[in-house]
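**Student:**
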Amino acid sequence: MKMRPLLLALLLALPVLTFAQSSNPRSIAIVKTIEALERQRFEAQVKKDYAFLEKAFADDLVYTHGSGVQNTKTEYIQSIKDGKSQYGKIEIDALNVRPYNDGQTAVVNGTIRITSPPQADGSTSVARIKYVVVQIKDKKKGWQVVLWQAQKQAS
């Protein structure tokens, strides 16, 4: 019986504690860093900057496309080289970064629009994607993507 008021107090305090934790200067710096890395990674995918992608993706990357096809780091970068994964433009519509594990892990939820490169007739297509990314901070390599999971959205 005495547990209920304590449990209720904790549940009511949880949003305040969560907000306080996410608004500390270290968390804010991590969020800004990860947001910048997300933008740089998308730009590298469009520009085929393989050196950046090699650094941005962890060796044990699991990359799951909106189609359900899953790639390793090597397979995914090769798919860009081979033209199987093509990007004319990637635009971010929404981006939410949540740091965890004392600032060593970040979970990103976002929505992007991927425009295909122009076809022979000049036409392009646009895919709306919701995605989840998990990044970890490696002591030697810095922030790296270990997981990408995408889901295509209705047009």
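With mature numbering (1 follows the signal peptide of the UniProt record, and there is no 0) applied, the sequence shown corresponds to residues -20 to -1, 1 to 135, in that order.
The beta-carbon is built from N, C-alpha and C at its ideal position, and this holds for glycine as well.
When the Cα atoms are used, what is the spatial distance from Arg93 to Arg6?
**Tutor:** Looking at the two C-alpha atoms, the distance is approximately 30 Å.
**Student:** What's the call for Arg21, buried or exposed, on a 16-neighbour Cβ count within 10 Å?
**Tutor:** Classification for Arg21: buried.
**Student:** Alpha carbon to alpha carbon, how far is Gly68 from Val112?
**Tutor:** Cα to Cα, the separation comes out at about 21 Å.
**Student:** Helix, strand or coil, according to DSSP, for residue 136 in the structure here?
**Tutor:** Here the chain covers residues -20 to 135 and nothing more, so residue 136 does not appear.
**Student:** Using the DSSP secondary-structure output, state which residues sit across from Tyr80 in a beta bridge.
**Tutor:** Bridge partners of Tyr80: Thr85.
**Student:** Tell whether a beta-carbon distance below 9 Å holds between Tyr30 and Leu41.
**Tutor:** Result no, Cβ atoms of Tyr30 and Leu41 do not sit closer than 9 Å.
**Student:** Would you list the residues sitting across from Thr13 in a DSSP beta bridge?
**Tutor:** In DSSP, Thr13 forms no bridge with anything.
**Student:** Identify the residues that DSSP records as bridge partners of Lys117: which are they?
**Tutor:** Paired residue(s): Trp123.
**Student:** Kindly list the residues whose CB is nearer than 6 Å to the CB of Leu127, restricted to its own chain and excluding five residues on each side of it in sequence; keep chain order.
**Tutor:** Closer than 6 Å at the Cβ level, and outside the excluded window around Leu127, lie Val42 and Val114.
**Student:** Buried or exposed for Ile10, please, with buried defined as at least 16 other CB atoms from any protein chain shown within 10 angstroms of its CB.
**Tutor:** With 16 or more other Cβ atoms within 10 Å, it is buried.
**Student:** Grab me the residues of Gln124's own chain with a C-beta within less than 7 Å of its C-beta, minus the 5 sequence neighbours each way, in chain order.
**Tutor:** Result list for Gln124: Ala36, Phe37, Ala38, Gln115, Ile116 and Asp118, in chain order.
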